[in-house]
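Q: Here this note's numbering is used: the first residue of the sequence shown is 692, the next is one more, and so on. Glycine included, every Cβ here is placed at the ideal spot set by N, Cα and C.
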Amino acid sequence: MMDKTAALGEPPVRLIAQLDGVYIFQTQAFTADDNDLLAAKSEQLQKGQASYGEFNLGLHVNDASLLVLMNRMRLLSKINEQLSAQNSNAQPPIIDRLHWVNQVHGKQVYDINNSADDARHNIKLSMCPVDADAMISKQAGTALAIMTADCVPIVLYQPATRQIAAIHAGWQGISCGVIKATTERFDSSEPIIAWIGACISQANYEVGTQVLEKLLVGCTDNELLDSITLNNFASLFSSSALMESEISNDSSLNNKINNGDLHKSIDKLSNRATLSTDNISPNKIKLNLPKLAAAQLAHLGVQIANDTAIACSYEDTSYYSYRRQTHLQQPATGRMALIIALSH
C-alpha cells in the first residue's frame, strides 16, 4: 500500500488563500502542470471509462474504497505539510481532524462542535458521515471538506468569532437556502468572509428553463435575494444575462450584486461567464450558478474574497466534472474538494 501511494506522486492540492491562521485548499483530479498525467488523462477521457483521475476523494462513486481513503489521508498529510512549511514554530499536527459529510442537495447544517467530546461518535461519523450540505466549526486544528464535480463549493470565515464553514451549493441547495441557513449559524453582528472554489461556468451549464423557474421560486419564497435582483432574475443569471457594461449602468444593482470590495465583477469571477445566446436549444438556458451563489452571499452581507477568476470544472480537465462525465458517456467520475482549515 505504501508503494502504491508513493507511485501516485505528489497530491494535487493547492493553497489558494490564507488569513489569520485559516487556510483554504483546492484539490484537483490531476496535477495540472504534469504533462505525463495530462496525456494519460486525455487518453482516459476518450475511452468512455470511469474517470477517477489521480486524486478522487468521493467514496460514493464506485471507486476503490481503500484508494479513496488513502487519498483522504494523503490530503490531510499534505495540508499539514504545507501549513508546517509556513509555520516553522508550529508543532505537528497542525490539523488534527478533516471532516466530511454525506451531501444530499439540501440545507442541513452540521455543527462539528456538537460531537467534539464523543470520541466514539466521531469514529462512527468518519465511517458513516451525517447527511448534510454544510458544516460549521470553531475547533482549532479542524478542517472541513466539501466535495464537488461542478456544484459551487463555498467556505466561510468569521474573524471575530473564529468560526469556519463549508457549503455544498448545487442548484437545489441554492434554491432551498443552504447558503442562508449556514450564515444564520454565525454571529449576525460580525462580518463574514467567503471563498468560492472551482465549479461549472455559465458557458458550459445548459439546463431546462424549469430549473431557472424553480430557482426563482426558491429564491423568492426563502427571501434569498432583494426585490430588484428577483425582478431581473432571468436576465442576470441565465443565458440572456446582461453584459457587464449594461449592469454597471444601474449603480444600485451593481453595488448589491458585485459587492464593492471586489476588484472585478462577479460576472468575471467565473471563467467565460458572459456568453452569446447562439446554439441554445429551445426551452434551454445557460445558467450562471456561481454568479447566483455570489449574489446570495452579497445579499447576506458576506464579503467575497476571491481575487482571481474561478476555474470552470467542466472546461479545465484537471478538475472533475459530472457534466463532462455525462457528455462523454462515462459510468462515473471522481470528486474534488474545497477545504477550509483552522489551525491551532
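#1: Are Met-826 and Tyr-801 closer than 7 angstroms when you measure CB to CB?
#2: Give the straight-line distance between the Cα atoms of Ser-775 and Leu-921, rounded to the nearest whole angstrom.
#3: So what does DSSP say about Leu-1029, is it helix, strand or coil?
#4: Might you give, ordered along the chain, the residues of its own chain that have their beta carbon closer than 7 angstroms to the beta carbon of Gln-1020, omitting 5 neighbours on each side?
#5: Is Val-908 buried or exposed, if buried means 16 or more other CB atoms sit within 10 Å of its CB?
#6: Among Gly-861, Leu-927, Tyr-896, whose alpha-carbon lies nearest the alpha-carbon of Arg-1014?
#7: Which residue wins for smallest C-alpha separation from Gly-899, given the options Ser-930, Lys-871, Ala-889?
#8: Using the C-alpha atoms, what's the distance from Gln-709 back to Ile-845?
#9: At the level of alpha carbons, what is the spacing between Gly-712 and Gly-832?
#10: Whose C-beta lies closer than 8 angstroms to the C-beta of Gly-1025 among residues of the same chain, with five residues either side of it excluded?
#11: Report the option in Trp-886, Ile-865, Met-838, Thr-874 whose CA atom is closest to the CA atom of Asp-912.
#12: Taking all protein chains shown into account, do 16 or more other C-beta atoms lie within 10 angstroms of the C-beta of Met-934, making it buried, or fewer, making it exposed?
#13: Checking 7 angstroms against the spacing of the C-beta atoms, do Gln-773 and Leu-706 come in under that value?
#14: Assuming contact is defined by CB atoms lying nearer than 7 angstroms, are Lys-769 and Pro-702 in contact in what I supplied?
#15: Could you spell out where the alpha helix (DSSP H) holding His-1018 opens and where it closes?
#16: The beta strand (DSSP E) that contains Val-800, what's its start and end?
#17: Alpha carbon to alpha carbon, what distance is there between Leu-980 and Leu-916?
#18: Start and end of the beta strand (DSSP E) containing Val-902?
#19: Check this for me: beta carbons of Pro-820 and Val-792, under 7 angstroms apart or not?
#20: Considering only residues of the same chain and omitting the five flanking positions on each side of Gln-717, which have a CB-CB separation below 7 angstroms?
#21: Is the distance from the Cβ of Leu-978 to the Cβ of Ile-855 below 7 angstroms?
#22: Look up Glu-745 in the DSSP assignment and give the residues it is bridged to.
#23: Along the chain, where does the beta strand (DSSP E) containing Ser-828 start, and where does it finish?
A: Answer, in terms of the structure:
#1: For the purposes of this step, residue 826 is taken as the residue at position 135 of the sequence shown. For the purposes of this step, residue 801 is taken as the residue at position 110 of the sequence shown. For Met-826 and Tyr-801, yes; Cβs fall inside 7 angstroms.
#2: By 1-based counting over the sequence shown, the position of residue 775 is 84. By 1-based counting over the sequence shown, the position of residue 921 is 230. Straight-line Cα distance between these residues: approximately 46 angstroms.
#3: For the purposes of this step, residue 1029 is identified with residue 338 of the sequence shown, where counting begins at 1. Strand, per DSSP.
#4: Counted from its first residue, the sequence shown places residue 1020 at position 329. Excluding sequence neighbours, Gln-1020 sits near Gly-739.
#5: Start at 1 with the first residue of the sequence shown, and residue 908 comes out as number 217. Counting Cβ neighbours within 10 Å, Val-908 comes out exposed, since fewer than 16 surround it.
#6: Residue 1014 sits at position 323 when you count from the first residue of the sequence shown. Per the Cα distances, Tyr-896.
#7: For this step, residue 899 is matched to residue 208 along the sequence shown. Among Ser-930, Lys-871, Ala-889, the Cα nearest to that of Gly-899 is on Ser-930.
#8: Residue 845 sits at position 154 when you count from the first residue of the sequence shown. Residue 709 sits at position 18 when you count from the first residue of the sequence shown. Taking the straight line joining both Cα atoms gives about 15 angstroms.
#9: For the purposes of this step, residue 712 is identified with residue 21 of the sequence shown, where counting begins at 1. For the purposes of this step, residue 832 is identified with residue 141 of the sequence shown, where counting begins at 1. Rounded to the nearest angstrom, the gap between the Cα atoms of Gly-712 and Gly-832 is 10 angstroms.
#10: Within the sequence shown, numbered from 1, the residue matching residue 1025 stands at position 334. Once the five neighbours on either side are set aside, the close Cβ partners of Gly-1025 are Ala-720, Ser-742, Tyr-743, Gly-744, Phe-746, Asn-747, Leu-748, Gly-749, Val-752, Asp-754, Ala-840, Tyr-1011.
#11: The residue labelled residue 912 in the question sits at position 221 within the sequence shown. Ranking Trp-886, Ile-865, Met-838, Thr-874 by Cα distance to Asp-912 puts Ile-865 first.
#12: Residue mapping note: residue 934 aligns to position 243 of the sequence shown, counting from 1. Only weak support exists for where Met-934 lies, its pLDDT of 37 falling under 50; the coordinates are left without a value.
#13: To locate residue 773, count along the sequence shown from 1; it is residue 82. To locate residue 706, count along the sequence shown from 1; it is residue 15. Yes, these two residues count as a Cβ contact at 7 angstroms.
#14: Residue 769 sits at position 78 when you count from the first residue of the sequence shown. Residue 702 sits at position 11 when you count from the first residue of the sequence shown. Cβ atoms of Lys-769 and Pro-702: closer than 7 angstroms.
#15: Counting from 1 along the sequence shown, the entry for residue 1018 is found at position 327. Its alpha helix (DSSP H) spans residues 1013-1018.
#16: To locate residue 800, count along the sequence shown from 1; it is residue 109. For Val-800, the uninterrupted beta strand (DSSP E) segment begins and ends at 800-802.
#17: Along the sequence shown, one-based indexing puts residue 916 at 225. Along the sequence shown, one-based indexing puts residue 980 at 289. Approximately 14 angstroms between the Cα atoms of the pair.
#18: One-based indexing of the sequence shown puts residue 902 at position 211. Taken as a continuous stretch (DSSP letters only), Val-902 belongs to no beta strand (DSSP E), being part of the alpha helix (DSSP H) at 900-912.
#19: Counting from 1 along the sequence shown, the entry for residue 820 is found at position 129. Counting from 1 along the sequence shown, the entry for residue 792 is found at position 101. Contact flag set, yes.
#20: The residue given as residue 717 occupies position 26 in the sequence shown. If we look at Gln-717 and ignore the five residues flanking it on each side, its Cβ neighbours are Arg-705, Ile-707, Gly-888, Ala-889, Leu-1029.
#21: Residue 978 sits at position 287 when you count from the first residue of the sequence shown. Residue 855 sits at position 164 when you count from the first residue of the sequence shown. Result no, Cβ atoms of Leu-978 and Ile-855 do not sit closer than 7 angstroms.
#22: Taking the first residue of the sequence shown as position 1, residue 745 is located at position 54. Its beta-bridge partners do not exist; DSSP assigns none.
#23: Here residue 828 corresponds to residue number 137 of the sequence shown, with the count starting at 1. Note, Ser-828: beta strand (DSSP E), 825-828.
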